[in-house]
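In our numbering, the protein residues as written are 1 to 203.
(1) Tell me which residues share the same chain as residue 97 and place their Cβ nearer than 8 Å to its Cβ, disregarding the 5 neighbours each side in the sequence.
(2) CB residue 79 to CB residue 198, shorter than 8 Å?
(3) In terms of DSSP beta bridges, what is residue 76 paired with?
(4) Output the boundary residues of the beta strand (DSSP E) element that contains residue 22.
(5) Could you tell me if residue 101 is buried or exposed, where buried requires 16 or more neighbouring beta carbons within 10 angstroms of its beta carbon?
(6) Going straight from the alpha carbon of residue 2 to that of residue 74, what length do you get?
(7) Once you ignore the five residues that flank residue 69 on each side, which residues in its own chain have a CB closer than 7 Å to its CB?
(8) With DSSP as the reference, identify every bridge partner of residue 58, one or two as the case may be.
(9) Considering only their Cβ atoms, is the gap separating residue 86 from residue 29 smaller than 8 Å?
(10) What does DSSP give as the partner residues of residue 101 in its beta bridges?
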C-alpha cells in the first residue's frame, strides 16, 4: 500500500471523469437549481482558514431561507450561534466557499461553489428577517459552479429512512459531552434544559 501523492497517480486509479458527470456542471443557477434551493431547509457551508484547515458548518432554517438574487448570486442569512464565527472569519481572508444543499426525503443534493463576502447591508438583512429579528450579517455568494450530485451517498447511508433513526439515548446528552470536553466542574445541562434554551435563541 502506498500513499497517493500526485494527480497522475490518482487518475491512474480512477480514470478521467466523463459523460454527464462533466456535462452537468453549470456556471450559473438554472431553474432546477433555483427550485432545489427553494425547497431546501438545510445546507452545509464549507470554507478554508489561513491555516489551511477546512471547516464545514451546518446552516438551517425554513425551506428557501437562502435567497436567490439572480443566476449567479445567493444570500445566506447568518442566524445567532456561538459567536466563534469560524466560517465568516475564514471568508474575510479566503473568499472561496462550497455549499451542499439537502432536502429531507430527497437523495440527490445540490453542490454550489464560488466566492463570498460578508455584508451588513440593511436591505439585504431586512429581506431575511425572521421572528421579527434581523440577521447580524448575510453571506453574499457569487456562484461559479453548480451541479446536482447523484444520490448514491444518501442511498448507501439510508439517511432519510425511518429505520436509520437512532434513539437519542444511544449518545450521552449534549450537556454531558460538553461537560467532558470543557472539563467543567458544573452540573451537566440536561437535554430538556438545552432544548428550552435553544428555543429562545433561534433568531
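Where a beta carbon is used, it is the ideal one built from N, C-alpha and C, also for glycine.
In terms of the structure at hand:
(1) 45, 46, 47, 91, 113, 114, 115, 116, 139 and 141
(2) no
(3) 139
(4) Unbroken run through residue 22 is the alpha helix (DSSP H), 20 to 23; no beta strand (DSSP E).
(5) buried
(6) 42 Å
(7) 75
(8) 44
(9) no
(10) 43 and 110
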